[in-house]
Amino acid sequence: MTTPALSLDDVSQALAKMIADKMDIDVSSIHADSNLQELGLDSLDTFDIIFNAEDHFKIKVPNDQINISTLHDVAALVHKLILAQNQ
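Have a look at this one:
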């Protein structure tokens with residue numbers, strides 16, 4: 001039995017939960033176009049979210065690909081890496 005691939009929306013929801021937990025904010029206040037800095041994340045918080053995503057999704061995000069400013073940016077990058085890993 002194969003596991004169905006995660007959708008971009010699934011990834012986005014999981015990342016939004018990680019951000020909400022980290023920043024102690026309501027997950028419903030986080031949207032795809034939410035700017036990470038406006039949510040209160042500094043660069044160290046952003047790297048922490050990336051590390052959590054790597055652990056959660058069992059991926060490795062190359063340092064040269066970490067150019068993100070919104071939840072959608074993070075979700076799209078993580079989703080792309082998940083799909084590449086599953087091929």
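Residue numbers (our numbering): 1 to 87.
Glycine included, C-beta positions come from ideal geometry on N, C-alpha and C.
Since this is a predicted model, take the numbers as computed values, not measurements.
| query | result |
| --- | --- |
| Per DSSP, the bridge partner or partners of Thr70 | Asn35 |
| Endpoints, alpha helix (DSSP H) assigned at Ser7 | Per DSSP, Ser7 belongs to no alpha helix (DSSP H) and is neither H nor E. |
| Bounding residues of the alpha helix (DSSP H) (the contiguous stretch that carries Leu44) | Ser43 to Phe57 |
| Cβ-Cβ distance between Leu6 and Phe57 below 9 Å | yes |
| Span separating the alpha-carbon of Glu38 from that of His31 | 12 Å |
| Distance CB(Phe47)-CB(Ile19) smaller than 9 Å | no |
| For Ala14 and Val27, believed in contact at Cβ under 8 Å, the rounded distance | So it is not a contact: roughly 10 Å between Cβ atoms. |
| Residue environment, Thr2, which counts as buried when at least 16 other CB atoms sit within 10 Å | The pLDDT assigned to Thr2 is 44, lower than 50, so where the model puts this residue is not dependable; a value taken from the coordinates is nonetheless given after this. Thr2 should be labelled exposed. |
| Ala84, buried or exposed, once every other Cβ within 10 Å from all chains shown has been counted against 16 | exposed |
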